[in-house]
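Below is one structure; the comments refer to it alone.
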Amino acid sequence: MDGVDVLVIGAGLVGCAAACRLAQAGARVEILEAARPNAGASGANAGSLHFQLERRFLENGEALADQAASILGLNLLAIEEWRGLADELGPDIRVHMRGGLMVAETADEVAILERKVAREVQGGLASRMIDGDAARALAPGLSETVVAASHLEAEGHADPKALTLAFAAAAAARGVRLRQRCRVVAARPVRSGYRLTVETPDGPEDLTAPKILIAAGAWSARIGELFNLHLPLYPVALLMSATERTAPLLDPLIQHVGQRLSMKQAQAGNVLIGGGWPSRMRLDAAGRFDLDRPAEMLASSLRGNLAVAARVFPRVAELNLIRSWTGITAITADQLPLVGAIPQAPGVYVAAGGSAFTLGPTFARLLARRILDEPEERLEIFSPARFGHLNSFMGAADA
Amino acid sequence: MRSDGDVRRGAPLTLLVDGQAVAAFEGETIATAMLARDLLAFRLDRGGRPRGLFCNMGVCGECLVTVAHGSASPRRLRACLTPAADGMIVTTRPDERR
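Encoded structure:
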């Protein structure tokens, strides 16, 4: 034994936040990070705090939208979590919760928005429909083509570059060791839990702990393979862009119900534009998706994303674009995140599958309780047990 | 100051820099016109302190100024790469309309 209760694989937002919560509860925790903290989607996303149902849940039929509505309970918890984080972690994480608008430009979109708000209100979310003029009063400069919007006061944004590092610092202050450039390459069940083989800058090393948390974002499915597990996570590469800094221009978070768009002005003054436009993943020598290299930007996505942004909020077109980048996250087979214990591998937990900037701190808090065997039912809808059938021939080898 | 040597210049033009008329010639950049008039502050940093042109070749971004010309919306452009034009309105202060 190394005297560690939990080995966390991945120093992204969820890994660092979970390590922090586990250590707060008295657990001895070590984080193993293949590259550097915040290197993946945790640091590459555009920092939206979106608590309304996501567009991706609405564009694939009513059944998925109904199922996705079950995420609302977590969104409500996440709102409270974020309200507390600025006090807990300090001003550097730049939490800005001054409202969010999901806009509609056509009658069809208004209808989708109305159904969405009805679902949300039923789930306890304080979203509401407003007309175009009311939306423009909240976001002066919003296009005249916006005929309605759903508004939620709690929405906004925070700084993805700072949040993970703030959690890592809070974890370190509680004794958590974070080891960078340590890639987990093998995992074996042993009597006392799991023994991981880790490639470190100083050579291979074995580490053992009774419990393992896989929080490796897009890499999580590959980590799952080391445990002889299928984790139904699919990497997806997205596009984000930032304009030059400018004086205060846009207060709320802007999303679009019928188009891929998220837009907000960061506290530093840059306008960040994203919304789920695809990039193209590169392939490695074996012909598999290469998760270690940045995805290739698609000109059609960049043009499309900026065109929607400029149509919805024309003044953004007066700003210079200073940077566009790609980032790789992962989605699951049913679009809901994958968070909880893996039944076929007792002691192994996972937290991955998207939405994890907005929901990451909440996943971390609840999952830490679950890992420490405290009663915790609120993660049930995200439980890996729902994909248990995929692992009916997989799982633990002999200890 | 401009060379007094044997230089063939373009047509004279006038641009406005922070409300001040600045004479220049076609073919000169905004930066050239400003430097020739000893206007050295191209923008303000986040602390409100002036920043000057540095690389004069479009790389460093230190000479970003706000330029309005004709009916187009004002844009932030690199003064070192942007040809001066008659009637151009150049602002080195943050654009307060935003």
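Chains as they are written, first to last, in the working numbering: chain A, 1 to 399; chain B, 400 to 497.
Backbone N, C-alpha and C define an ideal beta-carbon position, used for all residues, glycine too.
Count the other CB atoms, across all protein chains shown, that sit within 10 Å of the CB of residue i; report buried if there are 16 or more and exposed otherwise.
i         : result
PRO248(A) : exposed
ARG496(B) : For ARG496(B), the predicted model reports a pLDDT of 40, less than 50, meaning its position is unreliable and no value from the coordinates is stated.
ALA158(A) : buried
ASN75(A)  : buried
ALA18(A)  : buried
ALA295(A) : buried
MET1(A)   : Because the pLDDT of MET1(A) is 44, which lies under 50, any placement of that residue in the model is unreliable, and the question is left without a value.
ILE322(A) : exposed
LEU283(A) : exposed
GLY47(A)  : buried
LEU89(A)  : buried
PRO91(A)  : exposed
ALA78(A)  : buried
GLN122(A) : exposed
GLY84(A)  : exposed
GLU377(A) : exposed
LEU443(B) : exposed
GLY451(B) : exposed
LEU53(A)  : buried
GLU30(A)  : buried
VAL421(B) : buried
Determine the chain A residues that contact residue i at a beta-carbon separation under 8 Å, and present them in chain order.
i         : result
ARG475(B) : GLU244, LEU319 and ASN320
SER470(B) : Within chain A, no residue comes near SER470(B); the closest Cβ sits about 13 Å away, beyond 8 Å.
Ends of the beta strand (DSSP E) at residue i?
i         : result
TRP325(A) : 321-332
VAL466(B) : 463-467
ALA163(A) : Note on residue identity: the sequence assigns Leu, not Ala, to residue 163(A). Per DSSP, LEU163(A) belongs to no beta strand (DSSP E); it is in the alpha helix (DSSP H), 160-173.
HIS151(A) : 148-152
GLU205(A) : 203-209
ALA420(B) : 419-424
ILE31(A)  : 29-32
LEU414(B) : 411-416
Between residue i and chain C, is the shortest Cβ-Cβ distance under 8 Å, so that the two count as touching?
i         : result
LEU414(B) : The structure shown contains no chain C; its protein chains are A and B.
What is the residue span of the alpha helix (DSSP H) that residue i lies within?
i         : result
ARG56(A)  : 55-58
ASP133(A) : 132-138
LEU22(A)  : 13-24
ALA44(A)  : 41-44
Check your understanding: Which runs of the alpha helix (DSSP H) spanning at least 4 residues fall entirely within the segment 61-115 of chain A, listed in chain order?
Key -> 62-68 and 72-89
Check your understanding: Are the segment 407-419 of chain B and the segment 476-493 of chain B touching by the rule of at least three beta carbon pairs closer than 8 Å?
Key -> yes
Practice item. Would you list, in sequence order, the uninterrupted alpha helix (DSSP H) runs of no fewer than 4 residues that lie entirely inside the segment 297-377 of chain A? Key: 299-312 and 360-371
Practice item. Counting only runs of 4+ residues fully inside the segment 219-287 of chain A, write out the alpha helix (DSSP H) ranges in chain order. Key: Scanning the segment 219-287 of chain A for uninterrupted alpha helix (DSSP H) segments of 4 residues or longer gives 220-226, listed from N- to C-terminal end.
**Study point:** Inter-stretch contact (C-beta, 8 Å, three-pair minimum) for the segment 357-375 of chain A and the segment 16-25 of chain A
**Key:** yes
**Study point:** the segment 132-145 of chain A contacting the segment 166-180 of chain A, beta-carbon criterion three pairs below 8 Å
**Key:** Remark: fewer than three beta-carbon pairs, one from each stretch, lie closer than 8 Å, so the segment 132-145 of chain A and the segment 166-180 of chain A are not flagged as touching.
Point to revise | Ranges of the beta strand (DSSP E) found wholly within the segment 433-490 of chain B, counting only runs of at least 3 | key: 463-467, 474-477 and 488-490
Review point. Hey, is the segment 309-328 of chain A in contact with the segment 249-267 of chain A, meaning 3+ C-beta pairs nearer than 8 Å?
Key: Counting Cβ pairs under 8 Å, three or more are found: they touch.
Practice item. Please determine if the segment 323-338 of chain A and the segment 217-234 of chain A are in contact, where contact requires at least 3 C-beta pairs separated by less than 8 Å. Key: Judged by Cβ distances under 8 Å, the segment 323-338 of chain A makes contact with the segment 217-234 of chain A, as three or more pairs qualify.
Practice item. Answer yes if the segment 112-126 of chain A comes into contact with the segment 146-162 of chain A, meaning at least three C-beta pairs across the two stretches below 8 Å, and no otherwise. Key: yes
Review point. Can at least three beta-carbon pairs, one atom from the segment 270-277 of chain A and one from the segment 103-121 of chain A, be found at a separation below 8 Å?
Key: no
Check your understanding: Counting pairs of beta carbons, one from the segment 211-221 of chain A and one from the segment 345-355 of chain A, are three or more of them closer than 8 Å?
Key -> yes
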